Amino acid sequence: MKKYCVGVVGALGAVGTEMLKILEQRDFPIETIKPLDVKENEGKKICFKGQDVEVRSAEEGAFRDLDIALFSAGEVASRNLAPVAVSEGCIVIDNSNAFRMDPEKPLIIPEVNPEDIMWHKGIIANPNCSTIQMLVALKPLHDRFGIKRIVVSTYQAVSGSGLFGIAELEEQLRAYTEDRELEVKVYPHQIAFNAIPHIDSFTDNGYTKEEMKMVHETHKIFHNSDIAITATAVRIPVIRCHSESINIETEEPIDLQEAKEVLYRAQGIKVLDNVSTNIYPLAAELAGTNEVYVGRIRQDFSVANGLNMWVVADNLRKGAALNAVQIAETLIQLK
Ligand SMILES: NC(=O)c1ccc[n+]([C@@H]2O[C@H](COP(=O)([O-])OP(=O)(O)OC[C@H]3O[C@@H](n4cnc5c(N)ncnc54)[C@H](OP(=O)(O)O)[C@@H]3O)[C@@H](O)[C@H]2O)c1
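Residue numbers for the sequence shown follow the working numbering, beginning at 3 and rising by one.
This is the structure:
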């Protein structure tokens, strides 16, 4: 089997660390692994398959010996370095928002639109974490019943803001137990014991960018801009795993039992749904998992063809690192 030289840009971050772990766990065919991060981190070591590997600076020239680079170093780094990596002969799979809505770059969820990988020209974009888990859950229902409207509210973990988000929640919890004043640095308000309906910046229409990403990315991935979507994105004091309350209206009448069967059969989904024994997906129990978990599946009796569900996934894995590695796996199968 052919093996590949793989770079991870932002290797010391929340997503980068998870990418390295997933490449190892899934036994991705690796010839060499090259962790890349900011210059100040050059020389630090990560452990990959039992070996210490030195972190290098992500800069011009660093991509010449690579086949694939997984980027998770933020939008600015992607805008500056992804085109450099491509010019040095690398295929880039990018986790940031830099290229997602560029019509020249495919935006991929392997369970949903793997065929779009075919038209990449060097850069493949990974969708936003909230979009990924929503669309993995909705794709089989869309295929069967035809979704015409989505109403979604997210309950997003602090690791969605990277290592600084985790540190902010942990420090505020420590400060609270030690009776110190809570310091607010990462979020617009204290995140401990709170729910903040504000993720990313506000746009002119009153929605946040995070909410509008879910709208635009869904249209691009489903190749259908007619689906009506409205989103509210909320940050909550959970370390890991985003939860989503999703309501859909469909073209076809939606039978509850059939909807459940469609979800049971779908790739990448686990149904956890038994209210008589209090079984439904819970963020606290699903950190470190790979699937998108669906529960509380119930008919929406307020409209003709409606369904409600509760969807949870690990934002660092399926919402980011795992999806990127699955894109790389799909890519090498096509070669
Ligand atoms: N966390 C999630 O759930 C999630 C989900 C989907 C997508 N993403 C996206 O993934 C990206 C990374 O997120 P994260 O949560 O892993 O953030 P993070 O924990 O802050 O990690 C980012 C890492 O990249 C490094 N870095 C910054 N600028 C760089 C550059 N120019 N070259 C090389 N390395 C650089 C950072 O170093 P310093 O800390 O020293 O600056 C840090 O080690 C972001 O674009 C984010 O939007 C995150």
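Where a beta carbon is used, it is the ideal one built from N, C-alpha and C, also for glycine.
This structure is a prediction, so every number in the text was calculated from the model and none was measured.
Three-way DSSP call (helix, strand, coil) for residue i in this model
i, result
"Asp-104", "coil"
"Glu-347", "Only positions 3 to 337 of the chain appear in this structure, which leaves residue 347 out of reach."
"Val-160", "helix"
"Ala-139", "helix"
"His-244", "strand"
"Asn-196", "coil"
"Arg-81", "helix"
"Arg-28", "coil"
"Ser-132", "helix"
"Ile-168", "helix"
"Phe-65", "coil"
Which residues DSSP lists as bridging residue i, in chain order
i, result
"Ala-233", "Val-154"
"Gln-301", "Leu-309"
"Gln-53", "Phe-50"
"Ala-71", "Gly-9 and Val-94"
"Val-343", "The chain is shown from 3 up to 337; residue 343 falls before or after that span and cannot be answered."
"Ala-127", "Asp-96 and Leu-109"
Cβ-heavy atom distance, residue i to ligand 1, below 7 Å
i, result
"Glu-77", "yes"
"Glu-185", "no"
"Val-160", "no"
"Val-40", "yes"
"Phe-166", "yes"
"Gly-9", "no"
"Val-57", "no"
"Gly-321", "yes"
"Ala-64", "no"
"Leu-14", "yes"
"Pro-131", "The sequence as given places Cys at residue 131; Pro does not occur at that position. Yes - ligand 1 has a heavy atom lying nearer than 7 Å to the Cβ of Cys-131."
"Ala-60", "yes"
"Asn-292", "no"
"Val-88", "no"
"Val-17", "yes"
Closest by C-alpha distance to residue i, when choosing among the options
i, options, result
"Glu-253", "Tyr-189, Glu-260, Ile-229 and Lys-262", "Ile-229"
"Val-86", "Ser-98, Glu-26, Ala-71 and Lys-222", "Ala-71"
"Met-103", "Cys-243, Leu-68, His-225 and Gln-53", "His-225"
"Asn-310", "Ile-168, Tyr-209, Ile-223 and Ile-256", "Ile-256"
"Phe-101", "Arg-237, Gly-91, Val-57 and Glu-77", "Glu-77"
"Ala-13", "Phe-73, Arg-81, Ile-334 and Pro-129", "Phe-73"
"Gly-148", "Val-138, Asn-307 and Ile-329", "Asn-307"
"Asn-128", "Glu-331, Ala-330 and Ala-326", "Ala-326"
"Ser-304", "Ala-330, Phe-30 and Glu-251", "Glu-251"
"Gln-301", "Glu-172, Glu-260, Ala-323 and Lys-320", "Glu-260"
"Ile-134", "Arg-146, Ile-125, Ile-111 and Ser-161", "Ile-111"
"Thr-232", "Ile-223, Ile-238, Asn-249 and Ala-323", "Asn-249"
"Ala-75", "Ala-84, Arg-176 and Asp-69", "Ala-84"
Minimum Cβ-Cβ distance from residue i to chain D less than 8 Å
i, result
"Glu-180", "No chain D appears in this structure, which consists of one protein chain only."
Okay, do the stretch 269-276 and the stretch 137-152 touch, 3+ Cβ pairs below 8 Å being the bar? Yes, the stretch 269-276 is in contact with the stretch 137-152.
Can at least three beta-carbon pairs, one atom from the stretch 191-210 and one from the stretch 113-124, be found at a separation below 8 Å? Touching, no.
With contact counted as at least three CB pairs below 8 Å, one residue from each stretch, are the stretch 287-300 and the stretch 312-330 in contact? Output reads yes: the stretch 312-330 touches the stretch 287-300.
Assess contact between the stretch 281-292 and the stretch 233-242, defined as three or more Cβ pairs (one per stretch) separated by less than 8 Å. Is contact present? Of all C-beta pairs linking the stretch 281-292 to the stretch 233-242, three or more are shorter than 8 Å, placing the two stretches in contact.
With three or more C-beta pairs closer than 8 Å as the rule, is the stretch 273-284 touching the stretch 82-96? The answer is no - the stretch 273-284 does not touch the stretch 82-96, with fewer than three Cβ pairs under 8 Å.
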